[in-house]
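Student: Residue numbering for the sequence shown is 4 to 316, as defined by the working numbering.
Below are the structure tokens for one structure; questions will follow.
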Amino acid sequence: MTINIKALSQDDLLAATRVCKIAFSAQLGISNPDLFNAGASLGARLALEPNGNYGAFDEEQLVGSIFSANWGSVGYFGPLTVLPEYWGQGIAQKLLEPVMGNFAAGGTTCQGLFTFSNSPKHIALYQKFGFYPRFLTAIMSKSVTSAIASNNDVVTYSSLGPQRQIECLEGLSAICDDLYVGLDLSKEVLTLESLRCGETVLLLEGESPVGFAVCHFGPGSEAENGGCYLKFAAVKRGDDAARHFRELIQRVDHLIGTVNVSKIVAGINLARQGAYESLLALHFRPFTYGVLMQRPNVAAYDRPDCFVIDDWR
Ligand SMILES: CC(C)(COP(=O)(O)OP(=O)(O)OC[C@H]1O[C@@H](n2cnc3c(N)ncnc32)[C@H](O)[C@@H]1OP(=O)(O)O)[C@@H](O)C(=O)NCCC(=O)NCCS
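Below, the structure is given as structure tokens:
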């Protein structure tokens with residue numbers, strides 16, 4: 004059997020989605036693959052990093068795929084999936100190779116992934132590439148009550164004029180760079196804006212952003228049906244960080260209450276203790292855990308002073 008690794012294109016999206024559903028359903032014991040991540044689109048991932056995604060082909064058939072993204076100095080990958088009948092034949096390792104090459108070429112200083120903390124296979128696979136298991140990431144959710152929803156106080160990136168958007172992006176990059184040098188989420192904000200599959204919620208002090216939250220929801224987004232996937236959120240580091248974080252998440256809650264979405268899902272690394280405790284206080288509850296694996300084995304922005312949400316599933 005010869006497996007060829009090729010860049011993924013839009014034409015492969017349906018097949019890649021199918022492989023992803025079948026592989027994770029086999030892993031998790033879900034009998035109907037259609038129920039896995041129902042409604043979540045991989046199209047936004049393809050749009051985010053058009054040259055960071057690869058497929059494994061057995062002749063013309065797509066049998067595995069990997070998605071990856073560079074957030075400035077930080078690179079992460081996932082989902083990585085292979086059809087169950089092809090497991091254990093080195094295909095995942097073949098898919099990882101070009102992504103590792105892209106991370107090196109793109110100048111990332113920290114790379115990582117989220118995986119099953121209870122799977123010796125997964126952890127061993129990624130350790131071969133130098134990734135080391137660190138803190139758990141809690142995947143948390145919170146129901147949204149539309150009855151109390153009001154979005155009067157919510158400012159979004161899409162509501163700003165062109166010049167303000169440019170200034171705002173600079174402000175968001177500065178917040179991220181202060182958390183981890185070179186970390187830059189502009190790509191996520193701009194992709195969401197161009198695909199119109201969610202909103203970036205802003206927390207402003209005067210005219211300056213002190214926090215932002217990239218929220219996927221609706222058709223074409225990375226969120227499951229009826230949910231908001233809070234892909235990334237961060238506030239400016241400093242004495243006001245805890246308060247700003249609470250205010251930011253409350254604004255997300257208010258916005259989401261107005262858009263026909265019933266729950267918010269957010270992943271948070273438990274090394275960010277203050278942020279985790281804030282989410283608990285805001286009635287988020289963990290429904291599953293995974294482990295962050297990272298190289299090099301350093302804290303990066305997984306520190307108690309970093310009020311950050313991200314989810315590398
Ligand atoms: C995880 C997944 C992508 C791996 O794909 P794969 O093509 O089977 O992986 P590979 O064959 O390239 O590598 C697996 C390696 O783990 C090793 N391994 C398997 N079980 C192991 C165990 N219990 N302990 C240690 N190593 C183990 C294998 O021996 C192999 O290494 P080798 O080639 O040196 O022998 C695939 O199982 C999958 O799609 N799973 C469902 C979706 C998923 O979990 N994705 C990953 C989410 S982070």
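Idealized CB from N, CA, C, for every residue including glycine.
#1: So, at 6 Å on beta carbons, what are the nonlocal neighbours of F27 in its own chain, with the 5 sequence-adjacent residues on each side left out?
#2: So, is F290 buried or exposed, given that buried needs 16 or more other C-beta atoms within 10 angstroms?
#3: Between the Cα of V311 and the Cα atoms of V217, Y57, C23, L198, which residue gives the shortest distance?
#4: Considering only C-alpha positions, which residue in the set V102, L116, F117 is nearest to G350?
#5: At least one CB of chain B closer than 8 Å to the CB of Q92: is that the case?
#6: Residue range of the alpha helix (DSSP H) that H286 falls in?
#7: Closer than 6 Å by C-beta to K145: which residues in its own chain qualify, once you throw out the five before and the five after it? Chain order, please.
#8: Tell me where the alpha helix (DSSP H) around S122 begins and ends.
#9: Roughly how many whole angstroms lie between the Cα atoms of G54 and A10?
#10: Grab the span of the alpha helix (DSSP H) containing T302 for me, first residue to last.
#11: Out of S76, L163, L139, which has the shortest C-alpha to C-alpha gap to C113?
#12: If you compare alpha carbons, which of G277, T203, R137, E100 is closest to V301?
#13: Tell me whether K24 counts as near ligand 1, meaning its Cβ is closer than 7 Å to at least one heavy atom of that ligand.
#14: If you draw a straight line from the alpha carbon of F215 to that of E88, how long is it in whole angstroms?
#15: Taking 7 Å as the line, does the beta carbon of P165 fall inside it for any heavy atom of ligand 1?
#16: Compute the beta-carbon to beta-carbon distance between G361 and L116, rounded to the nearest angstrom, for a pair I have assumed lies under 8 Å.
#17: Could you tell me the distance, in whole angstroms, from the CA atom of V22 to the CA atom of D37?
#18: Around the C-beta of A43, are 16 or more other C-beta atoms found within 10 angstroms, so that it is buried, or is it exposed?
#19: Pop quiz: P307 and R275 are said to be a contact at Cβ under 8 Å. What is the actual Cβ separation, rounded to whole angstroms?
#20: Candidates V192, L98, W74, N35: which alpha carbon is nearest A59's?
#21: Among the residues of its own chain, which have a CB less than 7 Å from the CB of I271, if the five just before and after it don't count?
#22: Between which two residues does the alpha helix (DSSP H) containing I252 stretch?
Tutor: Here's the rundown:
#1: For this step, residue 27 is matched to residue 24 along the sequence shown. Here the set comprises F39.
#2: For the purposes of this step, residue 290 is identified with residue 287 of the sequence shown, where counting begins at 1. That one is exposed.
#3: The residue labelled residue 311 in the question sits at position 308 within the sequence shown. Nearest C-alpha to V311: V217.
#4: The requested residue 350 is not part of the displayed model; the chain covers only 4 to 316.
#5: In the structure shown, chain B cannot be found, because there is only a single protein chain.
#6: Position 283 of the sequence shown, counted from the start, is the residue given in the question as residue 286. Note, H286: premise wrong, no alpha helix (DSSP H); not H, not E.
#7: What you label residue 145 is simply residue 142 of the sequence shown in a count that begins at 1. Shown here for K145: same chain residues with a beta carbon closer than 6 Å to its own, the five before and five after excluded, namely I267, H286, F287 in chain order.
#8: Taking the first residue of the sequence shown as 1, we reach residue 122 at position 119. Note, S122: premise wrong, no alpha helix (DSSP H); not H, not E.
#9: The residue you call residue 54 lines up with position 51 of the sequence shown. The residue you call residue 10 lines up with position 7 of the sequence shown. Note on residue identity: the sequence assigns Asn, not Gly, to residue 54. Taking the straight line joining both Cα atoms gives about 7 Å.
#10: In the sequence shown, residue 302 corresponds to position 299, counting from 1. Rather than Thr, the amino acid found at residue 302 in this sequence is Ala. Boundaries cannot be given for A302, as no alpha helix (DSSP H) includes it and DSSP labels it neither H nor E.
#11: If you number the sequence shown from 1, residue 113 lands on position 110. With respect to the C-alpha of C113, the residue from S76, L163, L139 having the closest C-alpha is S76.
#12: Position 298 of the sequence shown, counted from the start, is the residue given in the question as residue 301. Ranked by Cα distance from V301, the options G277, T203, R137, E100 are led by R137.
#13: As a first step, residue 24 is located in the sequence shown; it is residue number 21 there, counting from the start. No; taking the cut-off as 7 Å, the Cβ of K24 has no heavy atom of ligand 1 nearer than that.
#14: The residue given as residue 215 occupies position 212 in the sequence shown. The residue given as residue 88 occupies position 85 in the sequence shown. Between F215 and E88, the C-alpha separation is close to 42 Å.
#15: As a first step, residue 165 is located in the sequence shown; it is residue number 162 there, counting from the start. P165 Cβ: outside cutoff for every heavy atom of ligand 1.
#16: Lying outside 4 to 316, the shown extent of the chain, residue 361 is not represented and no answer is given.
#17: Position 19 of the sequence shown, counting from 1, holds the residue named residue 22. Position 34 of the sequence shown, counting from 1, holds the residue named residue 37. The alpha-carbon atoms of V22 and D37 are separated by roughly 11 Å.
#18: Counted from its first residue, the sequence shown places residue 43 at position 40. So A43 counts as buried.
#19: For the purposes of this step, residue 307 is taken as the residue at position 304 of the sequence shown. For the purposes of this step, residue 275 is taken as the residue at position 272 of the sequence shown. Rounded, the Cβ-Cβ distance is 7 Å, consistent with contact.
#20: By one-based count along the sequence shown, residue 59 stands at place 56. Looking only at V192, L98, W74, N35, the smallest Cα-Cα distance to A59 is reached by L98.
#21: What you label residue 271 is simply residue 268 of the sequence shown in a count that begins at 1. Only T140, A141, M143, A278, Y279, L282, I312 meet the Cβ criterion.
#22: In the sequence shown, residue 252 corresponds to position 249, counting from 1. Unbroken alpha helix (DSSP H) run through I252: 244-259.
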